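Reviewing the structure listed below.
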Amino acid sequence: MREQLLALEELAKSDLAWRQIDVELADVDAHLVATRSDVDRIRDLLERERQQLTEAQRLKQTHVDEIATIDEKSIRSKKRQEVARNNREMEAMNREIEVLKREREERTAEAARLEEVVVAVGTQLKAHEADFKGLTDMLATEESEAVQSREALLARKALHQGARKELTGKVRPEILRIYQIVLNRRGTAVAECKDGICRGCYMATPPQLYNVMLRAEKLIQCPNCQRILLPPNLSR
Ligand SMILES: [Zn+2]
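Now the structure itself:
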């Protein structure tokens, strides 16, 4: 039985390493997903800023157009003022010119304010476009690195699969069946049992069972977690 237990210990180590490879593979993929979502976020931000810029430019243009219309109206009012027949008409034209002048000032101020917005958003957009370029470049590098890591991990996994076949060949089928059931249920199938404590679930084993287990003559499973118990220093 000692040899069977030794083979199980080896198998457990191999399975743990195999599991580690899967964890690393998942890490590589998760990192890529995170970077891609950063790229998407910046792309959305850029799109919103472009829309903001277009909208500010459009609004500013309506004010500029309106100023041109006001200027035309002012010229007409001044011409009518020149041909005014009496004071009443003259004053009416004065008021009209005054109103147009105030409106022109308001429109000019608003156009200037919008020009500031256009400049500010434009600057922000340039900075974010640079960020975006940096991120997409980084993603391209990471993607090619991830592909390489994946290939290396898959190669290691293939190696482990070969090694596992060899290790399982050393274990008797009925023992391997128990090992596989516990592995599927618990994630690990063997546990060292030291000072009467199962190191898989940290529960005490009955003293009599512990003594039998120490002799390594029978396959003993933890009564609590069902892991196959290994005596301490089995391989020494
Ligand atoms: Zn246990």
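Residue 1283 is where the sequence shown starts when you use the working numbering, and the numbers rise one by one after that. The beta-carbon is built from N, C-alpha and C at its ideal position, and this holds for glycine as well. None of the values given here were measured: they were computed from a predicted structure.
Going by DSSP, which residues form a beta bridge with residue i?
i       : result
Leu1512 : Glu1474
Gln1302 : Note: Gln1302 sits in no beta bridge, so no partner.
Gln1334 : Gln1334 pairs with nothing; no bridge assigned.
Gln1406 : In DSSP, Gln1406 forms no bridge with anything.
Gln1503 : Ile1510
Since residue i contacts residue j with CB under 8 Å, what's their CB separation in whole angstroms?
i       : j       : result
Val1453 : Leu1512 : Val1453 to Leu1512, Cβ: 14 Å. No contact.
Tyr1461 : Ile1502 : At roughly 13 Å, the Cβ-Cβ gap does not stay under 8 Å, so Tyr1461 and Ile1502 are not in contact.
Leu1396 : Lys1355 : Between Lys1355 and Leu1396 the Cβ distance is about 22 Å, and since that is not below 8 Å, they are no contact.
Leu1307 : Leu1435 : 5 Å
Ser1431 : Val1310 : 5 Å
Glu1292 : Leu1449 : 5 Å
Arg1467 : Leu1407 : About 56 Å; that fails the 8 Å criterion.
Grouping DSSP H, G and I as helix and E and B as strand, with all else coil, what is residue i?
i       : result
Ala1366 : coil
Ala1486 : strand
Met1495 : helix
Ser1517 : coil
Met1283 : coil
Report the rounded CA-to-CA distance for residue i versus residue j, giving the unit in angstroms.
i       : j       : result
Asp1320 : Gln1339 : 29 Å
Thr1344 : Arg1362 : 27 Å
Ile1444 : Glu1329 : It should be pointed out that residue 1444 corresponds to Gly in this sequence rather than to Ile. Rounded to whole angstroms, Gly1444 to Glu1329 spans 51 Å at the Cα level.
Arg1377 : Arg1370 : 11 Å
Ala1412 : Arg1325 : 11 Å
Glu1424 : Leu1335 : 32 Å
Leu1341 : Asp1304 : 56 Å
Glu1388 : Ile1349 : 10 Å
Thr1418 : Ala1498 : 59 Å
Ala1437 : Leu1491 : 42 Å
Ala1316 : Leu1288 : 42 Å
Met1485 : Ile1479 : 6 Å
Lys1476 : Pro1514 : 6 Å
Ser1528 : Ala1299 : With the chain represented from 1283 up to 1518, any question about residue 1528 goes unanswered, as that position is not in the structure.
Val1400 : Ala1366 : 44 Å
Measure from the C-beta of residue i to each C-beta in chain B and report whether the shortest distance is under 9 Å.
i       : result
His1345 : In the structure shown, chain B does not exist; there is a single protein chain.
Please list the segments of the beta strand (DSSP E) lying wholly inside the segment 1433-1482, counting only runs of 3 or more residues, in order along the chain. 1472-1476
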